Each structure stands twice: as C-alpha cells, then as structure tokens.
Amino acid sequence: MSHFYKTYEPYVSPFDPCPPITTKVYSTPPQLYMGFQPPGLEQFTPRDALRTGTLWKAFYDPYYSPYEKMKGD
2 MSHFYKTYEP YVSPFDPCPP ITTKVYSTPP QLYMGFQPPG LEQFTPRDAL RTGTLWKAFY
62 DPYYSPYEKM KGD
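Residue numbering for the sequence shown follows my numbering, beginning at 2 and increasing consecutively.
Pasting the structure below:
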C-alpha cells in the first residue's frame, strides 16, 4: 500500500518564523487507480463492511499517519 502515499516539497520561505516541513505526504484512495469496477471482486462480510466503510476489499484503505513511524523510532 505504500504506492498510495505521495510526497511533495512545498516552497520554504527564508522569512518563515517556524521550522519548515520540507516534505509533505498525502494519501490517495485506491479507487483512483481502477478505471472500472471489475466483476467478482472479493467482498467483506456485512459486519466487516460496516466497520470498514466499504463492501469491496479492493477499495478499503485504512488511514495511517505517515508520522506514526517516526513516533516509534
């Protein structure tokens, strides 16, 4: 799932009073990479579908902050 995270480098002003974040990370949903919904996709059980927010496992994308790894280091 690492390909669902994109990065970019924003402009950093020399007059910014705060320490800059030089690389920003954002998440893209998996449905952006499917042109159409193929038939016969694997499905969650009804209980798991309500918990995850989608019926199809291919469209499930749990959000994890990119900074969570840094906390553990």
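Cβ atoms here follow ideal geometry from the backbone N, Cα and C, with glycine treated the same way. Given the structure is predicted, the values throughout are model-derived calculations rather than measurements.
I'd like to confirm the pairing. Which residues does DSSP put opposite residue i in its beta bridges?
| i | result |
| --- | --- |
| residue 28 | 6 |
Let me make sure I understand the geometry here. Which of the options has the alpha-carbon closest to that of residue i?
| i | options | result |
| --- | --- | --- |
| residue 41 | 58, 12 and 69 | 58 |
| residue 6 | 61, 53, 13 and 25 | 25 |
| residue 138 | 16, 30 and 4 | Past the edges of the chain, shown from 2 to 74, lies residue 138, and the structure says nothing about it. |
| residue 61 | 12, 32 and 36 | 32 |
- Query: On the three-pair Cβ rule with 8 Å, is the stretch 14 to 24 touching the stretch 43 to 56?
  - Reply: Taking 8 Å as the limit for Cβ pairs, the verdict is that the stretch 43 to 56 does not touch the stretch 14 to 24.
- beta strand (DSSP E) runs contained entirely in the stretch 30 to 57, provided each spans 3 or more residues: Complete beta strand (DSSP E) runs here, min 3: none at all.
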